[in-house]
Amino acid sequence: MAYQDFRDFLAALQAQGELIEVERHVAPELEVAKALRKSAAIEGPAVIFKNNGSNFPLVGGIYNSRSKALIAFQSTEDNVVQNILDGLARRIPPVLTENAPVHENIVLGDDIDLSALPICKYSPDDGGPYITSGIVVSKDPETGVPDIGHYRFELIDKKTLSFLALPNHRFAKNIAKALQKGQKTFRASLVIGVDPLIAYTCPIQVSDDTNDFEVAGGLRGAPVELVKCRTNDVEVPARAELVIEFEADFGTTVMEGPLGEYTGYYTPGAAKPIARPTAITYRNGAYFQALLTGVPPTENHILKQLPFEASLLQQLRQRFPTVQRVAVPPSGGTQFYVVLSMKPRFAGEARAAILDVMSSNLRPKRVIAVDPDIDVQDSNQVEWATAFRMQPARDVFIMSDLPAGPLDPSSDESLPNDQRLGSALGIDATYPYGTVIKVAGEACSPALAEHGKEFLEVADIPGWRAYDFPELRKTVPK
Ligand SMILES: Cc1cc2nc3c(=O)[nH]c(=O)nc-3n(C[C@H](O)[C@H](O)[C@H](O)COP(=O)(O)O)c2cc1C
């Protein structure tokens, strides 16, 4: 059964020892961030900071570990990727309701005061407090199709926010269309605290004409319940904790940033449009959500990892059916480094698959292809493959003048985001096509033996896993 909402997920985390409550005062400015980083470093629990100086309990760290991601997907390590692929294969349209918990409290006009919310500061040189957990719901002004995605919002003052929407992400594309139509403003909503599968839907790679709520429905196996907002024409999850309805104003800019970003570096401050809240709506007893970002791994990275891996796997298999697994490790920001495993069907196919990944909207900077016997999630095995199956002069290539990856501090940051270029490194660490591999005395690719190109014997020791070595039991804790 799908989680009904954010609270349902919190209850599941608590039941599995993955959520604690802290009664003492913890300050939203840097102290919450320190606590969340400390917990993340030990793959520790999510935390409810009950005493944070506001009337809203603050929850952080709900995406900070793989074990919590598995609880979100109600899956195991063995079936989580297949469960996501199955979810992506079905689309379930949302349903509209008028009776929405998120409308239990409605604040409008002069009563709006963003300083009442426990908005955190995460890194010391951040330009101000940031909402990092918010999901923007915006509609394509031409088609009306809704998009959901995470976007950072800086608190400027109690009635003003500013935000970053990178040009290759759909919120920015929707804004660009509105501007082209001559609009000076654009209305959308920022949603806090949802069923985790709505949050995990955001990074899923789909075409721009996709209704993301249908994707979320497929992943949940049940429709998302939506309610129409009070001051715009956007529909938001009816059981969300809190929604900030806003109007972005492109005639007025403020300095937004710096922010310690997912790359592990500050993005410099720059002039950005303002967003004025037009309404704040929330449930009785609403939770606000903190989300740690910064030097990987953080919640930001875990939140993107499974959706990006499943999306790439789905994309690759359409053209390369022997692709088995894909890893987008947090060490590369869950963005810049991709490993895929496949059994090439003909010479050059691994390189073609690498190019396919390079041209995805993830914009990775290093893509490695390995054979299926290599565990793509195990960096030791990947390095072993690149050490002994790869010849740099033959198997490494660089593609230049690609669009730069998002917020890459090594690209030319003096240029606007849409003008930055980057390059990508491809490494084909699969055995040269036609190599016959022998493991434990048996040739693995007898079909290739006729090519007779090369013969490699893996020096593993047959039967070591099953070998009974009782003395070890005393020294290695189980
Ligand atoms: C926690 C988090 C924060 C993010 N913040 C931003 C942001 O401030 N601006 C942005 O353009 N993308 C941001 N992203 C990335 C996009 O939300 C994400 O890549 C999404 O897939 C882009 O939307 P689209 O696929 O609908 O175009 C963030 C992602 C996460 C997980």
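Under UniProt numbering, the first residue of the sequence shown carries the number 1, and numbering increases by one thereafter.
All C-beta atoms, glycine included, are put in the ideal place defined by N, C-alpha and C.
- Residue pairing from DSSP places Asp147 in a beta bridge opposite Ser138.
- At a threshold of 7 Å, Pro196 does not count as near ligand 1, since its beta carbon sits no closer than that to any of the ligand's heavy atoms.
- Among the bridge pairs identified by DSSP, Gln289 is matched with Val59.
- Per the coordinates, the alpha-carbon of Glu245 lies some 24 Å from the alpha-carbon of Gly53.
- A Cβ-Cβ separation of about 5 Å places Val102 in contact with Ala240 under the 8 Å criterion.
- With a 10 Å radius around the Cβ and a threshold of 16 neighbouring Cβ atoms, Gly251 comes out exposed.
- In the structure shown, Val32 falls within a helical segment according to DSSP collapsed to helix, strand and coil.
- C-alpha of Ile280 to C-alpha of Val243: approximately 6 Å in a straight line.
- If you look at Ser360, you'll find it isn't in any beta strand (DSSP E); DSSP assigns it neither H nor E.
- Scanning the stretch 193–261 for uninterrupted alpha helix (DSSP H) segments of 4 residues or longer gives 196–201 and 212–220, listed from N- to C-terminal end.
- In this structure, DSSP gives Thr160 an extended state, which the three-state scheme calls strand.
- Closer than 7 Å to some heavy atom of ligand 1: that describes the Cβ of Pro203.
- His25 counts as exposed, since fewer than 16 other beta carbons sit within 10 angstroms of its beta carbon.
- Within the chosen limit of 7 Å, ligand 1 reaches the beta carbon of Gly149 through at least one heavy atom.
- Look at Lys304: its beta carbon is less than 7 Å from one of the heavy atoms in ligand 1.
- Between Gly434 and Gly422 the beta-carbon gap is near 34 Å, outside 8 Å, which marks them as no contact.
- Leu226 is positioned such that its CB atom lies no closer than 8 Å to that of Glu214.
- In chain order, Ile368, Ile427 and Ala429 place their CB closer than 7 Å to the CB of Thr386, counting only its own chain and leaving out the 5 sequence neighbours on each side.
- A residue is called buried once 16 or more other Cβ atoms fall within 10 Å of its Cβ, and Asp147 is buried on that count.
- Per DSSP, the unbroken beta strand (DSSP E) holding Phe49 starts and ends at Ala46 to Asn51.
- Judged by beta-carbon spacing, Leu190 lies beyond the 8 Å limit of Lys159, meaning their Cβ atoms are not closer than that value.
- When rounded, the separation of the alpha-carbon atoms in Gly294 and Gly333 is 9 Å.
- By the beta-carbon neighbour count (other beta carbons within 10 angstroms, threshold 16), Gly61 is buried.
- For Asp375, the CB contacts under 7 Å within the same chain, skipping 5 residues up- and downstream, are Gln381 in chain order.
- The Cβ neighbour count for Leu96, taken over all protein chains shown within 10 Å, is under 16; the residue is labelled exposed.
- Relative to ligand 1, Asn64 has its C-beta separated by 7 Å or more from all heavy atoms.
- About 5 Å separates the beta carbons of Glu21 and Ile48, which is inside the 8 Å limit, making them a contact pair.
- Here Asn64 carries a coil assignment [DSSP, helix/strand/coil].
- Per DSSP, the unbroken alpha helix (DSSP H) holding Phe308 starts and ends at Glu299 to Arg319.
- The beta-bridge partner set that DSSP reports for Leu190 consists of Val136 and Ile244.
- Taking 8 Å as the cut-off, the beta carbon of Lys181 is found no closer than this to the beta carbon of Asp208.
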